[in-house]
Amino acid sequence: MNKKIMVVFGTRPEAIKMCPLVLELKKRKEIQLTVCVTGQHKEMLYEVLERFGVVPDYDIDIMIPNQTLFDITTRILERLRPVLEEEQPDLVLVHGDTSTAFCAALACFYLQIPIGHVEAGLRTYNMKSPYPEEFNRQAVGLLADIHFAPTEQAKHQLVAEGKKPDRIYVTGNTGLDALRLTVSDDYCHPVLTWVGNSRLILLTAHRRENSGEPFKRIFQAVLHLTQTFPDVKIIYPMHRNPKIRKLAIEILGESSQIKLMEPMNPYDFQNIMARSYLILTDSGGIQEEAPSLGKPVLVMRDTTERPEGVKAGTLKLTGTEETAIYNSACELLKDTKAYQRMARAVNPYGDGYACQRIADILCNEI
């Protein structure tokens with residue numbers, strides 16, 4: 045009898061990392077797959093689904109204007125329950141640290157449906173950084189029956205928390221699988237024509253705990269870089285949060301070296317990342333993806349749940365102080381040896397075949 049597996053996700057980052065797994069699971073005759081999206085991110089989610097050719101079986105469509113964590117939580121629990129009761133899956137896969145992942149896992153726990161956690165074991169052990177993601181992933185870890193950890197360190201942390209070692213599988217990170225499907229040698233885009241022969245810095249900034257003054261300091265550091273390095277161009281795909289956009293336009297909007305853009309689909313974003321010189325980010329997944337492309341990453345946060353990258357030398361934590369961000373970027377822009385040390389460091393997050401490993405485990409061991 046086929047195993048009934050449901051995959052639940054709802055944000056753009058989840059979709060980028062779960063769509064390759066969906067495509068792999070669809071190849072397996074042993075698996076009867078159902079895809080349910082929550083729509084926690086709506087437009088950005090469907091851009092990713094379209095790019096990967098994934099059509100969900102269910103869309104519970106929870107997104108509302110100016111939604112809060114209360115809205116997300118209650119709407120997912122209410123709308124996911126009938127889907128789970130109708131499908132009765134043998135296992136539900138959730139990903140990472142989103143509110144969708146937490147709420148879907150909680151709904152499954154209430155209905156006594158087994159849970160598989162993809163990208164399990166990431167930790168900062170600081171519930172306020174990142175917020176609410178650290179809570180979400182620890183809570184999913186408490187509820188999950190099977191843990192697909194991207195690294196040995198993530199597995200070690202799960203074992204230290206009391207998870208059963210025989211229910212933890214080290215697979216690598218599925219985000220690297222997405223790069224294999226998207227990055228192309230013959231890619232072109234008008235923004236790359238604008239960049240020309242300049243060194244491209246790709247900026248992403250959206251983290252909830254960086255709201256207010258931290259974002260202001262980040263943007264001021266970025267502006268300072270353009271004033272110091274005339275051969276640098278910066279692309280910032282702005283988050284849809286209106287407060288972030290307003291601040292970005294106020295501080296960065298007049299610079300001829302900065303291009304403020306709408307959010308990109310994963311194909312464009314990952315190909316532009318592959319052509320960047322340096323990445324400045326407060327994101328999570330980019331900390332895994334950029335090093336596999338040989339791109340140094342400055343992480344504009346005080347903590348990271350991906351310490352393997354810091355240890356390996358592919359990432360550097362700068363915090364959100366303007367001077368620290370500026371000085372760290374200046375070093376990489378001025379010092380070729382420092383740049384090459386980061387660019388050539390070995391990526392600890394896998395080889396781009398995590399989805400195959402997860403599918404093999406689901407078919408043969410569970």
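Numbering-wise (the working numbering), the sequence shown opens with residue 45 and increments by one.
Cβ coordinates follow ideal geometry from the N, Cα and C atoms, glycine included.
Setting aside the 5 residues that flank it on each side, N315 is surrounded in the same chain by T226, V227, S228, Y231, H233, each with a C-beta closer than 8 Å to its C-beta; the list follows chain order. Per DSSP, L155 is not a residue of any alpha helix (DSSP H), being assigned neither H nor E. A contact between stretches requires three or more CB pairs, one per stretch, nearer than 8 Å, and the stretch 381 to 399 meets this requirement with the stretch 211 to 220. Using a Cβ distance threshold of 9 Å, P158 and I120 do not count as a contacting pair. Taken in chain order, the complete beta strand (DSSP E) segments of 3 or more residues contained in the stretch 166 to 209 are 190 to 193. Bridge partners of D103 according to DSSP: V81. DSSP places F273 in the coil class of the three-state scheme, outside both helix and strand.
Shown here, V162 sits in a strand according to DSSP, grouped into three states. The C-alpha of A318 is placed about 27 Å away from the C-alpha of T367. Around the C-beta of K378, fewer than 16 other C-beta atoms lie within 10 Å, and the residue is accordingly described as exposed. At the C-beta level, V138 and Y102 stay beyond 9 Å of one another. Remark: fewer than three beta-carbon pairs, one from each stretch, lie closer than 8 Å, so the stretch 150 to 157 and the stretch 191 to 201 are not flagged as touching. Partner residues in a beta bridge of M317, as assigned by DSSP, do not exist. Of all C-beta pairs linking the stretch 159 to 178 to the stretch 342 to 355, three or more are shorter than 8 Å, placing the two stretches in contact. Under the three-pair Cβ rule at 8 Å, the stretch 47 to 57 counts as touching the stretch 70 to 82. The beta carbons of L65 and D221 sit closer together than 9 Å. The criterion of a C-beta distance shorter than 9 Å is satisfied by T358 and A389.
Sixteen is the threshold: since fewer than 16 other Cβ atoms of the shown chains lie within 10 Å of the Cβ of R252, the residue is exposed.
Unbroken alpha helix (DSSP H) runs of no fewer than 4 residues, entirely contained in the stretch 323 to 351, are found at 330 to 336, following chain order. One alpha carbon belongs to L324, the other to E94, and they sit about 27 Å apart. The beta carbons of A403 and K71 sit closer together than 9 Å. Membership of I49 in the beta strand (DSSP E) is indicated by the continuous run 47 to 53.
Taking E294 as reference, the option from D275, F313, I262, L67 with the minimal CA-CA separation is I262.
Residue nearest to K339 within the set L67, V92, H283, L244 is L244 (criterion: CA-CA distance).
By the neighbour-count criterion, in which 16 or more other beta carbons inside 10 Å mark a residue as buried, S320 falls on the buried side.
A direct Cα-to-Cα measurement between R125 and T117 gives close to 12 Å. Cβ-Cβ distances below 7 Å link K86 to M107 in the same chain, with the five nearest sequence neighbours on each side left out; the list follows chain order. By the beta-carbon neighbour count (other beta carbons within 10 angstroms, threshold 16), L406 is buried. Excluding five sequence positions before and after D326, the CB atoms of its chain that fall closer than 6 Å to its own CB belong to A249, R251, N254, M344, R345, given in chain order.
Of the candidates E365, A387, N110, Q182, the residue whose Cα lies closest to the Cα of R167 is Q182.
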